[in-house]
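Residue numbers (the working numbering): 101 to 372.
Next comes the structure, spelled out in structure tokens:
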């Protein structure tokens, strides 16, 4: 019996040694950066591969929000993988409808459509992908909880019941960064190149914004998700989500606030 207990103790010891310790979540107060733009929100950063976490407004980081145009990342991957999008140079033809964002009112490649966040282009792509392909691929990508139906095929990421949290955004981006998504590596690399926001000798900043426009039932809601890779090989993935304070409508600063707040936090954390 004593030999059995000794063996059991050794097994438990080996299992404990093989199991990495849970990383502590460090909570920080970044509210002053949000106050500068009269917004409220949350910020999450996860170092790769260590998994160390820094969070502001942790409970909110776990809440789900509509992905808005951050969905262009998985949307492009699904389009490329299924053949609905031959490549990112494929032309999206303007439908002739004049919209409030002038950069949308023209023909453009899907590479440019991602960068200028052209919603109508990606609605065209969604109609080519179709409900069944989304229902097959979104679970494989483990991208939040998307509610896709025929009636919402070209709007499900902009309105309705689809939700994704900042933790889920970061987990998805972690797998894209590592090129371990169940999508051809060449497609992952093509999308990663489109996400480059800034490249210097010290770091490369990747990201995609999103903006869920205000409606009768929802406030304006903004995203910036991405990662930063430094020349020394260190990488951190991040997700910012903001809303105007008090449920007010977004002002002229709202669009730029997402990147400005993110970069301020990255500087404080010595990533920029």
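Note that the Cβ used here is the ideal one computed from N, Cα and C, for glycine as well. Note that the structure is predicted; figures quoted are calculated from it, not measured.
**OP:** Enumerate in chain order the residues of its own chain whose CB-to-CB distance from residue 320 is below 8 Å, with the five nearest sequence positions on each side excluded.
**Re:** 311, 312, 313, 314, 343, 344, 349, 350, 354
Subject >> Buried or exposed by the 16-neighbour rule on C-beta atoms within 10 Å, applied to residue 358 >> reply: buried
Original post:
In terms of alpha-carbon separation, which member of 129, 165, 325 lies closest to residue 276?
Top reply: 325
Original post:
Taking 7 Å as the cut-off, does the CB of residue 347 come closer than this to any heavy atom belonging to the ligand ZN?
Top reply: The model on display carries no ligand, and the ligand ZN is accordingly not part of it.
Original post:
Which one of 257, 177, 330 has the shortest CA to CA distance from residue 299?
Top reply: 330
**OP:** Name the residue from 177, 266, 217, 240 whose alpha carbon lies nearest to the alpha carbon of residue 141.
**Re:** 266
Subject >> Inter-stretch contact at 8 Å, needing at least 3 Cβ pairs: the segment 163 to 183 / the segment 211 to 223 >> reply: yes
**OP:** Tell me residue 366's beta-bridge partners as DSSP assigns them.
**Re:** None; residue 366 has no bridge partner.
**OP:** Count the CB pairs spanning the segment 177 to 189 and the segment 277 to 291 that are closer than 8 Å, and state whether there are at least three.
**Re:** yes
Subject >> Integer Cβ distance of residue 133 from residue 365, believed to fall under 8 Å >> reply: 6 Å
**OP:** Quick one: using the 10 Å Cβ neighbour count with 16 as the cut-off for buried, is residue 309 buried or exposed?
**Re:** buried
**OP:** Measure how close the beta-carbons of residue 380 and residue 179 come, nearest whole angstrom, since I'm counting them as under 8 Å.
**Re:** The question about residue 380 has no answer, for the chain in this structure spans 101 to 372.
Original post:
Of the residues 238, 213, 270, 165, which one's Cα is nearest the Cα of residue 328?
Top reply: 270
Subject >> Beta-carbon gap between residue 376 and residue 165 smaller than 8 Å >> reply: Because the chain here runs from 101 to 372, residue 376 falls outside it and cannot be looked at.
Subject >> Residues of its chain near residue 375, where Cβ-Cβ distance is below 7 Å and the 5 sequence neighbours each way are ignored >> reply: Outside the shown range of the chain (101 to 372) lies residue 375, about which nothing can therefore be said.
Original post:
Cβ of residue 148 within 8 Å of Cβ of residue 335?
Top reply: yes
Subject >> Delimiting residues of the beta strand (DSSP E) encompassing residue 172 >> reply: Unbroken run through residue 172 is the alpha helix (DSSP H), 172 to 182; no beta strand (DSSP E).
Original post:
With burial defined as no fewer than 16 other Cβ atoms inside 10 Å of the residue's Cβ, what is the status of residue 203: buried or exposed?
Top reply: exposed
Subject >> Under the three-state DSSP convention, the category residue 228 falls into >> reply: helix
Original post:
Taking the C-alpha atoms as reference points, what is the distance between residue 183 and residue 138?
Top reply: 43 Å
Original post:
Which of helix, strand or coil does DSSP assign to residue 128?
Top reply: coil
**OP:** Ignore the nearest five residues each way along the sequence and tell me which others in residue 213's own chain have a CB closer than 6 Å to its CB.
**Re:** 192, 221
**OP:** Return the chain-ordered list of same chain residues with a C-beta closer than 7 Å to the C-beta of residue 194, the five sequence neighbours on each side being excluded.
**Re:** 205, 206, 207
Original post:
Could you check where the beta strand (DSSP E) with residue 339 kicks off and where it finishes?
Top reply: 335 to 344
Original post:
Taking just the CA atoms, how far does residue 332 sit from residue 322?
Top reply: 31 Å
Subject >> Simplified DSSP state of residue 106, which is helix, strand or coil >> reply: Here residue 106 scores only 46 on pLDDT, less than 50, and its place in the model should not be relied on; the value that follows carries that caveat. Three-state result, residue 106: helix.
Subject >> For residue 121, the three-state DSSP class (helix, strand or coil) >> reply: Confidence is the limiting factor: at residue 121 the pLDDT is only 43, short of 50, which leaves the residue's position unreliable and the question unanswerable from this model.
**OP:** Buried or exposed for residue 301, please, with buried defined as at least 16 other CB atoms from any protein chain shown within 10 angstroms of its CB.
**Re:** exposed
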